[in-house]
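Visitor: Sharing a structure here in structure tokens format.
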Amino acid sequence: MSHASRPTTLTLIAIATCATLTSMDAAAQTRRRTPPNRQGTATPAQTPAQAPVAPQPSLDEAPDDAPTGGADADALVQAVQAAALADSADGARSIARLLMVGIPPRAAASALDALGVLGLPEGAPAVLRFLDHRRATLRRHAVAAAQAIHTPELVAALAAKLGDSDERVRVEAATALAEVGALREVPQAFAAFERDVDAMQGARGSALAHELAKLIARAGTQEHVTRLLGFLRRAPLETMSDALTIAVRRADIPDPIKVRIVNDVGNLATPGVRAFLTGIADAPRECGAAASRAARTAADRISASE
186 MSHASRPTTL TLIAIATCAT LTSMDAAAQT RRRTPPNRQG TATPAQTPAQ
236 APVAPQPSLD EAPDDAPTGG ADADALVQAV QAAALADSAD GARSIARLLM
286 VGIPPRAAAS ALDALGVLGL PEGAPAVLRF LDHRRATLRR HAVAAAQAIH
336 TPELVAALAA KLGDSDERVR VEAATALAEV GALREVPQAF AAFERDVDAM
386 QGARGSALAH ELAKLIARAG TQEHVTRLLG FLRRAPLETM SDALTIAVRR
436 ADIPDPIKVR IVNDVGNLAT PGVRAFLTGI ADAPRECGAA ASRAARTAAD
486 RISASE
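Residue numbers (the working numbering): 186 to 491.
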């Protein structure tokens, strides 16, 4: 065999992993289809020394405190990790099939992470299902995978997670949407942002409102950014400052809107204003000369009044 035709290490890993996953997948489906022997005696296909193989419960059927270790889980974790290294659509499909059949939670978390590493649409159906899983921890793994794959269906499902029952899922869904620049989901983000601001208690605001504001500033239109600025006196500056910095740094936002952001923040008598203004003033290339000058003027005014 010539050097050019010799299979690479990753190719061999992919072939071996896909075969392993396929056999595990078939075995898991066989266990789920095999009815237990109600009398506890050997079936005709078994010797008296063999016990019936109990079907593996799906994740939805497993109690919250179910053990997640064991040889089967370890083997599955190793297999899905190898499939991620192989970087193949076949590996993603095999991992997705295992998730749809039902595997232990620790292995399911590893499988979702692997699908996220691959970032291939073949994993989308399984990730979509796990976004609605009853375990919040697995929903969070699914959110991360959905961010990496971000098919239109997954992006829409991430927007639905802004109303999840678990706060960490809501926050991570907002972060994921901001990272993929989900313009179509900005109206839902605004609705969730306004609800959270209205329910906000304390001067620091909430992590969810902070991430939603960043999503709106990064993915929204000029009109969205202007509307977001209208919340400046309703929400703490700590909630808004990162989002407004993102908006000022956007090349497609006109200078008049950037200067208005700077001036509105400069008129606040709250901690953190000077740090915000200094950050804009020191970055004229990223923020634009007009916004940078306005920030320097406002910062100097605050210093003179102290």
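C-beta atoms are modelled at their ideal positions from N, C-alpha and C, and glycine is treated no differently.
Would you kindly work out how many angstroms separate the C-alpha atoms of K399 and A428, rounded to a whole number?
Guide: Cα to Cα, the separation comes out at about 4 Å.
Visitor: Just checking my contact of R324 with V354 at CB under 8 Å: how many whole Å lie between their CB atoms?
Guide: At roughly 5 Å, the Cβ-Cβ gap stays under 8 Å, so R324 and V354 are in contact.
Visitor: Restricting to Cα atoms, I'd like to know which of A359, R314, A358 and L297 is closest to A330.
Guide: The shortest C-alpha separation from A330 is found at L297.
Visitor: Quick check: the Cα distance between G308 and I334, rounded to an integer number of angstroms?
Guide: So the alpha carbons of these two residues sit roughly 8 Å apart.
Visitor: Starting from L300 and walking both ways along the alpha helix (DSSP H), at which residues does that stretch end?
Guide: Taken as a continuous stretch (DSSP letters only), the alpha helix (DSSP H) holding L300 covers P290 to L303.
Visitor: Hey, how far is the Cα of L339 from the Cα of A484?
Guide: If you take the alpha carbons of L339 and A484, they lie about 43 Å apart.
Visitor: Going straight from the alpha carbon of A475 to that of G451, what length do you get?
Guide: A475 and G451: Cα-Cα distance of roughly 15 Å.
Visitor: If you run the structure through DSSP and keep just helix, strand and coil, what is A251?
Guide: Note on A251: pLDDT 38, under 50, position unreliable in the model; the coordinate value appears next. Residue state, collapsed to three classes: coil.
Visitor: Between which two residues does the alpha helix (DSSP H) containing E379 stretch?
Guide: Here the alpha helix (DSSP H) through E379 covers V371 to D383.
Visitor: Count the other C-beta atoms from every protein chain shown that fall within 10 angstroms of the C-beta of G348, then say buried if there are 16 or more, exposed otherwise.
Guide: Exposed, since its Cβ has fewer than 16 Cβ neighbours within 10 Å.
Visitor: As a quick exercise: from G390, A274, V458 and V410, pick the residue whose alpha carbon is nearest that of R486.
Guide: The option with the nearest alpha carbon to R486 is V458.
Visitor: DSSP state of S273, grouped into three classes?
Guide: In this structure, S273 counts as coil in the three-state DSSP scheme.
Visitor: How many angstroms separate the CA atom of A468 from the CA atom of S477?
Guide: One C-alpha to the other measures close to 7 Å.
Visitor: Since L413 is in the alpha helix (DSSP H), which residue starts that stretch and which ends it?
Guide: That run of the alpha helix (DSSP H) goes Q407 to L414.
Visitor: Once DSSP output is grouped into helix, strand and coil, what is the label at I438?
Guide: In this structure, I438 counts as coil in the three-state DSSP scheme.
Visitor: Would A321 and L284 qualify as a contact pair, given that the criterion is a beta-carbon distance under 8 Å?
Guide: Contact: no.
Visitor: Excluding the 5 residues preceding and the 5 following L206 in the sequence, name in chain order all residues of the same chain whose CB lies nearer than 7 Å to its CB.
Guide: Low local confidence applies: a pLDDT of 45 at L206 is under 50, so the model's placement there is unreliable, and no value is given.
Visitor: Which class does G308 belong to by DSSP, given the choice of helix, strand or coil?
Guide: Correct three-state label for G308: helix.
Visitor: In the structure shown, what three-state DSSP assignment does D259 receive?
Guide: Three-state result, D259: helix.
Visitor: With a 10 Å radius around its C-beta and 16 neighbouring C-beta atoms as the bar for buried, classify P456 as buried or exposed.
Guide: It counts as exposed.
Visitor: Which whole-angstrom value is the C-beta distance of L343 and A358, which I expect to be below 8 Å?
Guide: Going by Cβ atoms, the distance from L343 to A358 rounds to 5 Å, so yes, they are a contact pair.
Visitor: With DSSP run on the structure shown, which of helix, strand or coil describes P421?
Guide: Coil.
Visitor: For A402 and A392, I'd like the C-alpha separation in whole angstroms.
Guide: Roughly 15 Å separates the two Cα atoms.
Visitor: Ordered along the chain, which non-local residues of its own chain (more than five positions away) have a Cβ less than 8 Å from that of R419?
Guide: Closer than 8 Å at Cβ, skipping near neighbours: V382.
Visitor: Could you name the residues of the same chain whose beta carbon sits closer than 7 Å to that of V356, not counting the 5 residues immediately before and after it, in chain order?
Guide: So the list reads A392, L393 and E396, once near-sequence residues are dropped.
Visitor: Given this structure, state the Cα-to-Cα distance separating V371 from A436, to the nearest angstrom.
Guide: Looking at the two C-alpha atoms, the distance is approximately 19 Å.
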